[in-house]
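What follows is one structure encoded as structure tokens, with my remarks underneath.
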Amino acid sequence: MSKIKVVHYLNQFFAQIGGEEMADIEPEIREGLIGPGLALQQALGADYEIVATVICGDNYFGSNLEEAQSRILELIKPYSPQLFIAGPAFNAGRYGVACGTIAAAVEKEFGIPALTGMYVENPGVEMFKKDLYIIETANSAAGMRKAMPKIANLAQKLIKGDEILPPAVDGYHERGIRVNYFHDQRGSARAVDMLLQKVKGEEYQTEYPMPYFDRVPPATPIADMSKAKVAIVSSGGIVPVGNPDRIESSSATKFGKYDVTGMDRMSKDDFISIHGGYDTAYILEDPNLAIPLDVLREMEKEGRIGELANYFYSTTGTGTSVGNAEVFGTEIGKQLLADGVTAVILTST
Amino acid sequence: MVKEIERYGLPVVHMCTIVPISLTIGANRILPTVAIPYPLGDPHLGEEKSKNLRRHLVERGLDALQTEVSGQTVFEE
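Next comes the structure, spelled out in structure tokens:
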């Protein structure tokens, strides 16, 4: 029986060509294995053969994504590989991105299993975990000895069509893919069991790890509100009629900044809500229910507040990822600060 | 968003309806509002009373912004 043909991808460093000073080298291919290819070959065993090693400088790849991919695919083609392994890249960011990119491209172009390995903090993990199996590795090449057997093991499973087990078992990064299965115990029974363990102070295993939210020190309170510049921010999805910025009804990827200069209140002729997570009937009739412009204008006239900013920031809260919300908040905060705003009212439905 | 704005040192009051979410995420000054489809007012009370309610809530929001807090605080009536 002929051996399974493997092509291995390495950067300039692991291909033993050079360090940073050689990071611009263009794609090239060499027969057989190089450097860590030996460990990979040993881990894969006699049924597999690394027929070629394709090399590219990390900087060249990063600056020429399209060209690097197409050239590498061309170089690989004559070898008719049945398996493609990139790296592992450990914690090297450019290398990780290159490995992820080329493995995904090979998988797509040739329809063969392609995998790689990275340390959890490598940006390549976030970028490619949904597209590829990325074996979990240590943060430096000192972890090569442990990484290769894991890569080889998963590669062999993919070739043989064996069942791929959960991330913790087969040693790859969680992909964010949910797989339904039947448990022999009902959910209610498992929940009670877990609760009893918790109550007894015994160790228990959560079925769903909860995200961690940090805390921010409370900002100093406003000493004199009659001198403060107040701004409104909202997650209620209030936008000008026509939704000019095309803010999404759910899972927003952007926020808007909308002018209310000269307006004493929010008018339904000017503003609507595009929020997909609540019944917008009331707010469509009276947007002041979400953006309290009417009362804040009165308070501005009365001197209860020093000044009201002549705009409000708006996005849709429902389904919007924490990550995106953080990005919005950081940018909005920056703009508010630059505009001399000293206090913020953030409304949510 | 509340936390990222506050990280600049700007006091923020989160006037929201689903307080548990705000608490979980970590807002420091939280003011519970009326209902999900109408946080700042109550259309069932009629325009004038709804606006008065809104005024009252925003007043309390401003008070919260003027109040020293040592950690997360829900400003109940």
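Sequence lines, in order, name chains A and B.
Residue numbers for the first sequence follow the working numbering, so the first one is 1 and each next one is one higher.
Residue numbers for the second sequence follow the working numbering, so the first one is 1001 and each next one is one higher.
Ideal Cβ positions, reconstructed from N, Cα and C, are used throughout, including at glycine.
Quick caveat, the model's predicted, so the values are computed rather than measured.
If we cut at 7 angstroms on Cβ distances, does residue i have a partner in chain B?
i	result
Y172(A)	no
P350(A)	Not covered by the structure: residue 350(A). The range shown for chain A is 1 to 349.
S348(A)	yes
M225(A)	yes
I247(A)	no
L308(A)	no
A98(A)	no
P221(A)	yes
G117(A)	no
T206(A)	no
V260(A)	no
T387(A)	Residue 387(A) cannot be examined here, being either before or after the span of chain A that is shown, 1 to 349.
I345(A)	yes
R178(A)	no
F61(A)	no
F14(A)	no
G237(A)	no
Just to confirm, are residue i and residue j a CB contact at a threshold of 7 angstroms?
i	j	result
I238(A)	F271(A)	yes
N310(A)	T261(A)	yes
I305(A)	M225(A)	yes
S1050(B)	G1061(B)	no
G317(A)	S235(A)	yes
I1030(B)	V1058(B)	no
S251(A)	T320(A)	yes
L308(A)	E300(A)	yes
E1004(B)	T330(A)	yes
G333(A)	Y1008(B)	yes
L10(A)	I72(A)	no
P287(A)	R1054(B)	no
R246(A)	G1026(B)	no
T1024(B)	P221(A)	no
L1065(B)	A343(A)	yes
K229(A)	V341(A)	yes
Y172(A)	I135(A)	yes
Please tell me whether residue i has its Cβ less than 7 angstroms away from any Cβ of chain A.
i	result
N1028(B)	yes
R1060(B)	no
V1074(B)	no
V1013(B)	yes
V1019(B)	no
L1053(B)	no
L1010(B)	yes
E1006(B)	yes
L1065(B)	yes
E1068(B)	yes
Comparing C-alpha positions only, which one of the options sits nearest to residue i?
i	options	result
L83(A)	F182(A), D170(A) and L158(A)	L158(A)
L76(A)	V51(A), N324(A) and A231(A)	Looking at the sequence itself, residue 76(A) is Ile, so the reference to Leu does not match. Comparing Cα positions, the closest option is V51(A).
V1069(B)	V1013(B), Y1008(B) and E1004(B)	V1013(B)
I85(A)	M118(A), T349(A) and L65(A)	M118(A)
E203(A)	M210(A), D193(A) and P211(A)	D193(A)
D264(A)	H183(A), E285(A) and L296(A)	L296(A)
E302(A)	A223(A), K227(A), F14(A) and P217(A)	K227(A)
A155(A)	G143(A), P166(A), D170(A) and M144(A)	D170(A)
R30(A)	Q12(A), A39(A) and A23(A)	Q12(A)
L65(A)	D24(A), F90(A) and Q335(A)	D24(A)
L132(A)	A138(A), Q69(A), S273(A) and G176(A)	G176(A)
N139(A)	Q185(A), E163(A) and P88(A)	P88(A)
L284(A)	A219(A), Q16(A), K268(A) and D339(A)	K268(A)
I274(A)	M266(A), G340(A) and S314(A)	S314(A)
E174(A)	D184(A), E121(A), D162(A) and H183(A)	E121(A)
N324(A)	N91(A), G201(A) and K254(A)	K254(A)
S2(A)	E49(A), F182(A) and Y60(A)	E49(A)
Y258(A)	F312(A), A103(A) and D339(A)	F312(A)
G57(A)	Y79(A), G19(A) and P81(A)	G19(A)
D47(A)	V6(A), A39(A) and A338(A)	V6(A)
P240(A)	M266(A), A231(A), A223(A) and G143(A)	M266(A)
M144(A)	L38(A), L165(A) and A338(A)	L38(A)
E1048(B)	L289(A), L337(A) and G100(A)	L289(A)
H8(A)	G32(A), E26(A) and E21(A)	G32(A)
G1071(B)	A219(A), Q335(A) and E74(A)	A219(A)
Mind pulling the chain D residues with CB within less than 9 angstroms of residue i?
i	result
A338(A)	The structure shown contains no chain D; the protein chains it does contain are A and B.
- Task: Count the CB pairs spanning the region 33–44 of chain A and the region 132–152 of chain A that are closer than 8 angstroms, and state whether there are at least three.
- Result: Verdict: yes, contact present.
- Query: Using Cβ-Cβ distances below 7 angstroms, what residues of the region 1032–1048 of chain B are close to chain A?
  - Reply: Taking 7 angstroms as the cut-off between beta carbons, the residues of the region 1032–1048 of chain B near chain A are I1036, P1037, Y1038, P1039, L1040, G1041 and P1043, in sequence order.
- Item | Members of the region 266–284 of chain A near chain B, C-beta cut-off 8 angstroms | Y278, D279, T280, A281, Y282 and I283
- Would you call the region 109–128 of chain A and the region 89–101 of chain A in contact, with 3 or more CB pairs under 8 angstroms? yes
- Query: Taking any Cβ of chain B, which residues in the region 284–300 of chain A have a Cβ under 9 angstroms from it, in chain order?
  - Reply: E285, D286, N288, L289, A290, I291, P292, D294, V295, L296, E298 and M299
- chain B contacts from the region 310–325 of chain A (Cβ-Cβ distance under 7 angstroms): Residues A325.
- Message: Give me the subset of the region 184–200 of chain A whose CB atoms are less than 9 angstroms from a CB atom of chain B, sorted by chain position.
- Response: none
- Below 8 angstroms between beta carbons is the criterion; list the residues of the region 83–98 of chain A that meet it against any residue of chain B, in chain order. none
- Item | Proximal residues, the region 23–50 of chain A versus chain B, C-beta separation under 7 angstroms | none
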